[in-house]
Amino acid sequence: MTGQTIEADYLVIGAGTAGMAFADVLLAETDATIAIVDRRHRPGGHWNDAYPFVRLHQPSGNYGVNSRPLGSGAKDATGFNAGLYELASGAEVVSYFDQVMRRHFLPSGRVQFFPMSAYADGEITSLLSGARQPVSARKIVDAAYLAPKIPSMNPPAYAVAPGVICAPPNALPRLARADADTVVIGAGKTGMDACLWLLENGADPHRIRWIMPRDAWMLDRENFQLGDETFVHSAASVANQIEAAALATTIPDLFARLEACGQILRLDPAITPTAYHCATVSKAELAALRRIRHVVRMGRVQAIDADRIVLAHGAIPTTAQTVHIDCSASALSRAPTRAVFEGDRITLQCVRQCQPAFSAAMIAHVEAARTDEADKNAICRPVPLPDRDIDWLVMLAVDLRNRVRWGKDPDLGDWQAASRLDGFGDRARRLLATTPEAQAHLQRYGAHFPGAMANLKTLLAGAA
Numbered sequence: 458m459t460g461q462t463i464e465a466d467y468l469v470i471g472a473g474t475a476g477m478a479f480a481d482v483l484l485a486e487t488d489a490t491i492a493i494v495d496r497r498h499r500p501g502g503h504w505n506d507a508y509p510f511v512r513l514h515q516p517s518g519n520y521g522v523n524s525r526p527l528g529s530g531a532k533d534a535t536g537f538n539a540g541l542y543e544l545a546s547g548a549e550v551v552s553y554f555d556q557v558m559r560r561h562f563l564p565s566g567r568v569q570f571f572p573m574s575a576y577a578d579g580e581i582t583s584l585l586s587g588a589r590q591p592v593s594a595r596k597i598v599d600a601a602y603l604a605p606k607i608p609s610m611n612p613p614a615y616a617v618a619p620g621v622i623c624a625p626p627n628a629l630p631r632l633a634r635a636d637a638d639t640v641v642i643g644a645g646k647t648g649m650d651a652c653l654w655l656l657e658n659g660a661d662p663h664r665i666r667w668i669m670p671r672d673a674w675m676l677d678r679e680n681f682q683l684g685d686e687t688f689v690h691s692a693a694s695v696a697n698q699i700e701a702a703a704l705a706t707t708i709p710d711l712f713a714r715l716e717a718c719g720q721i722l723r724l725d726p727a728i729t730p731t732a733y734h735c736a737t738v739s740k741a742e743l744a745a746l747r748r749i750r751h752v753v754r755m756g757r758v759q760a761i762d763a764d765r766i767v768l769a770h771g772a773i774p775t776t777a778q779t780v781h782i783d784c785s786a787s788a789l790s791r792a793p794t795r796a797v798f799e800g801d802r803i804t805l806q807c808v809r810q811c812q813p814a815f816s817a818a819m820i821a822h823v824e825a826a827r828t829d830e831a832d833k834n835a836i837c838r839p840v841p842l843p844d845r846d847i848d849w850l851v852m853l854a855v856d857l858r859n860r861v862r863w864g865k866d867p868d869l870g871d872w873q874a875a876s877r878l879d880g881f882g883d884r885a886r887r888l889l890a891t892t893p894e895a896q897a898h899l900q901r902y903g904a905h906f907p908g909a910m911a912n913l914k915t916l917l918a919g920a921a
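Its first residue numbered 458, the sequence shown is counted upward by one per residue in the numbering used here.
Here it is as structure tokens:
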């Protein structure tokens, strides 16, 4: 059955963070009409399917859409994030996006939302009824290009013997018990969250085994705080990164400098990480994770048999009572970067390191304010998502080129300063003139910026 043609200036595929942040700015800065289609029953993307104890890794103020805040802006008084700005829970994020859709987007009269639907070949098809509706849109916005993979939607890539208890972290609160060991499979942020949930809820760390194919560098959450009282620390943080990038003689020397100035953290001081996924932790979380002494570094899981876990470089025993929590799905997409603007297609990607919400909002502003496609792509160079440790350098190199381009454009500077999702520009404009210590840090940043750009190129060429 084919219904009436849907007409809109923009068709946004995906109502997750990127799609919602893009649509929000387009709604604010243009008179365009927007159709949003998503396979899920409500906005929020992968947050709808995430485990119940998931939280943002960075403060809530860094996330969501530009037009309305997420969270209260308070600091946590208890738990592993105590003293730092609040981290919205998964349920809060889903509720927030649902409210943005119902109370802001749809009442505007310029947004249509098609949940439980898929787009292909010029048609939106209902996943429930099968009804098809043609779409006439000036531009297609792919907001699902970098959609993350999460354990609840992706079965393990290894074989699991019958009778073995193996489940995604969504089932952990139901399966965890005092008389059973727990094996957490995966070293990414999901694996960290599973371990932290166990520890926070009183599990004996000696009864937790953590299978970690690769150790990863982590970011210190203290460097991403948003209050005025943290401005000097924020200025120092950005300066420290650029200074380390400018002065490092080798890649190992760069990571040693970054660690020494508090920019990156690692689980075990004796193990040099080889991975990097933008995972952000507090020092209290790191201290808690270090209580787990049984960390298995024998490669990826190949199979879980009734009495053993087979890994790439050996095997360890297990039992029928052991609870295995699969956190092995890669949350970051490895899709290759492509031009953001290509004729009638816009592909949303990060244009700032590890900041999908800000990036989608920035792309929407550029779409609203500019007409020349080459100019728009020069402004919005995609920052590739990371996997290896060296990707820290790759991301920063692209990020710095974007900063240079943005710095030449007063419009982009004004937009960033006014953007809730920027987190730094507004504070810099309000506080820099009266904060000599921050001025000194940003002067140091400026002094080392050219050297950092040149040295990153040299270090990456040597690695290649």
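Using N, Cα and C, we set each Cβ at its ideal position, and we do this for glycine too.
- Exclusion of the five residues before and after Gly518 leaves Leu683 as the residues of its chain whose Cβ lies within less than 6 angstroms of its Cβ.
- Ranked by Cα distance from Ala600, the first of His561, Ala918, Gly502 is Gly502.
- In the DSSP secondary-structure assignment, Arg809 is not bridged to any residue.
- By the neighbour-count criterion, in which 16 or more other beta carbons inside 10 Å mark a residue as buried, Gln720 falls on the buried side.
- For Asp848, the CB contacts under 6 angstroms within the same chain, skipping 5 residues up- and downstream, are Tyr733 in chain order.
- A Cβ-Cβ separation of about 15 angstroms leaves Phe479 out of contact with Ile836 under the 8 angstroms criterion.
- The distance from the Cβ of Ala744 to that of Arg757 is about 27 angstroms, inconsistent with a contact at the 8 angstroms cut-off.
- Shown here for Ala604: same chain residues with a beta carbon closer than 8 angstroms to its own, the five before and five after excluded, namely Gly471, Gly473, Gly502, His503, Ser790 in chain order.
- With fewer than 16 other Cβ atoms from the protein chains shown falling within 10 Å of its own Cβ, Pro867 counts as exposed.
- In this structure, the beta-carbon distance from Leu541 to Asp533 falls below 8 angstroms.
- When secondary structure is reduced to three states using DSSP, Gln759 falls in the strand class.
- In this structure, Ala763 and Gly620 form a Cβ contact; the two beta carbons are roughly 6 angstroms apart against a cut-off of 8 angstroms.
- Per the Cβ contact rule, the segment 766-785 is in contact with the segment 614-633 (3 or more Cβ pairs under 8 angstroms).
- Boundaries of the beta strand (DSSP E) around Ile491: 491-494.
- Contact annotation, Thr462 with Gln590: C-beta distance approximately 7 angstroms; criterion of less than 8 angstroms satisfied.
- Put simply, of Cys718, Asp661, Ala651 the residue whose alpha carbon is nearest the alpha carbon of Leu676 is Cys718.
- Separation of the CB atoms of Leu468 and Ala825 is rounded to 16 angstroms, and the pair is thereby denied contact status at 8 angstroms.
- Per the coordinates, the alpha-carbon of Leu888 lies some 23 angstroms from the alpha-carbon of Arg809.
- Between Gly530 and Gly587, the alpha-carbon positions lie close to 43 angstroms from each other.
- Annotation: Glu716 to Ala920 spans about 20 angstroms, alpha carbon to alpha carbon.
- In its chain, beyond the 5 residues on either side, Arg714, His905, Gly908, Asn912 have a beta carbon closer than 8 angstroms to the beta carbon of Leu704.
- Note on Lys865: under 16 other CB atoms within 10 angstroms of its CB, so exposed under the neighbour-count rule.
- The continuous stretches of alpha helix (DSSP H) do not include Arg678, and DSSP gives it neither H nor E.
- Sorting Asp832, Cys811, Phe815, Gln873 by C-alpha distance to the C-alpha of Asp844 places Cys811 at the top.
- Minimum Cα-Cα distance from Glu486 among the listed residues Ala741, Ser876, Val617 corresponds to Ser876.
- With respect to Tyr902, Ala696 sits close: the two C-beta atoms are nearer than 8 angstroms.
- Between Trp674 and Asp856, the gap from beta carbon to beta carbon reaches 8 angstroms or more.
- Around the beta-carbon of Pro612, fewer than 16 other beta-carbon atoms lie within 10 Å, marking it exposed.
- Pro509 and Thr639 have their alpha carbons spaced roughly 18 angstroms apart.
- In this structure, the CA atom of Ser565 is about 19 angstroms from the CA atom of Asp495.
- The residue among Phe537, Phe571, Ile622, Pro500 with its C-alpha nearest the C-alpha of Thr776 is Ile622.
- For His690, the enclosing alpha helix (DSSP H) stretches over residues 688-704.
- Within the DSSP secondary-structure output, Arg512 pairs in a beta bridge with Ser546.
- The C-beta distance from Phe798 to Leu878 rounds to 20 angstroms, too long to fall under 8 angstroms, and the pair is not in contact.
- For the pair Ala792 and Tyr602, the CB atoms are nearer than the 8 angstroms cut-off.
- For Thr729, the closest alpha carbon among the candidates Phe712, Lys740, Gly547, Thr737 is that of Phe712.
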